[in-house]
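*Asks:* Got a structure for you, questions after.
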Amino acid sequence: MYHPYPALYQANFDVDPLAWSIPLDKHHCGQFSMAAVQSNVNMEDHSEVKVGNGALFVGVYDGYKGHVQENDNNMSLDIPRKVVSEIETGFIEFARRHYVQLGQPKIGIVSSGCLICIIERRTLYLANVGDSRAILGSKMGIGPFKRLCVKQMARDHSCNNQNIRDELAVLHDDNWICNYNDGAWRVRNTSSETSRCIGNAYMKKAPPFTTWTSYKVPWREDVLSTFTRPLLSAEPEIYSRVLKDTDRFIIFGSGGF
């Protein structure tokens, strides 16, 4: 958003105790800035930007029911996939050790979305798990007919999207795997509103978070019907794009954006 006095606008924004931002800074392809507003009692969303020599890394982690975030020259599409896989493996192992040592069952249903972007030279690589979004703004047309066009770059995995519900129904051979309650579509009447995420070891049947162990599922998170294989996935969808001079900006935002 354009503002005639950006420094004053940022100062006013940062006065809000539930908001924070950083001013425009440079990277090899242009500029970036960050901002966040806390909308829940506990802030579960986190983001980060790492600027390197000829490369930029952006990460958006949209926490569900907890804090997952607490816990390379030759680029290819396989690298963002490996990054997400390492995050998933690391968190599932952290959840297992946390439960075994401390006996706190909530860690078994803690999860997060994960949207990462790597820009190397002029190529953008994107990996997405969950319902965060990346929006690209580009100038289209010629001369006086130029206009700004926006495009959602990554498909989000919210069960509120019909195509995601259809995908789950085919994958599990179950037309009733998604249920509508409390104003949203959810997987098996739990609080999970996405088909893919980092974590939620219980719904991925990761040991020891299984129904045939002593694990006690937190209230309202128990899958009432039997399931023999993982209901959720951490498989990211991967995208790449060679950036053009007509590409003006990219907005990365967490769920609800």
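The numbers in this note's numbering rise by one with no breaks, and the one at position 39 of the sequence shown is 379. All C-beta atoms in this analysis are idealised placements derived from N, C-alpha and C, irrespective of residue type, glycine included.
Following the continuous alpha helix (DSSP H) through Ser-425, name the residue where it begins and the one where it ends.
*Replies:* That run of the alpha helix (DSSP H) goes 418-442.
*Asks:* For Met-480, count neighbouring C-beta atoms within 10 Å of its own C-beta (all shown protein chains included) and say buried if the count is 16 or more, exposed if not.
*Replies:* Exposed is the call here.
*Asks:* Write down the C-beta distance between Val-450 and Gly-370 rounded to the nearest angstrom, noting that I regard them as a contact closer than 8 angstroms.
*Replies:* With a Cβ gap of about 35 angstroms, Val-450 and Gly-370 do not count as contacting.
*Asks:* Going by C-alpha to C-alpha distance, which of Asn-500, Val-582 and Phe-589 sits closest to Arg-461?
*Replies:* Checking every option, the nearest Cα to that of Arg-461 belongs to Val-582.
*Asks:* Which partner residues of Val-398 appear in the DSSP bridge assignment?
*Replies:* The partner list for Val-398 (beta bridge, DSSP) reads Val-389 and Cys-457.
*Asks:* Please report the residue range of the alpha helix (DSSP H) in which Ala-474 lies.
*Replies:* Unbroken run through Ala-474 is the beta strand (DSSP E), 473-480; no alpha helix (DSSP H).
*Asks:* Name the DSSP beta bridge partners of Gln-378, please?
*Replies:* Gln-378 is not bridged to any residue.
*Asks:* Kindly indicate the opening and closing residues of the alpha helix (DSSP H) around Glu-577.
*Replies:* Where Glu-577 is concerned, there is no enclosing alpha helix (DSSP H), although the beta strand (DSSP E) it sits in stretches over 577-582.
*Asks:* For the alpha helix (DSSP H) that Arg-505 lies in, which residues bound it at each end?
*Replies:* It spans 502-512 - the alpha helix (DSSP H) in which Arg-505 sits, taken as one unbroken run.
*Asks:* Buried or exposed: where does Gly-448 fall if 16 or more other Cβ atoms within 10 Å of its Cβ makes it buried?
*Replies:* It counts as buried.
*Asks:* If you reduce the DSSP assignment to three classes, tell me which class Phe-485 lands in.
*Replies:* Helix.
*Asks:* From Glu-577 to Met-543, what does the alpha carbon distance come to, in whole angstroms?
*Replies:* One C-alpha to the other measures close to 20 angstroms.
*Asks:* Here's the rule I'm using: 16 or more other beta-carbon atoms within 10 Å means buried, otherwise exposed. How should Asn-413 be labelled?
*Replies:* Caution is warranted here: a pLDDT of 46 is assigned to Asn-413, below 50, making its placement in the model unreliable, and the coordinate value is therefore given only provisionally. Looking at its Cβ environment, which holds fewer than 16 other Cβ atoms inside 10 Å, Asn-413 is exposed.
*Asks:* Is Ile-362 helix, strand or coil when you go by DSSP?
*Replies:* In this structure, Ile-362 counts as strand in the three-state DSSP scheme.
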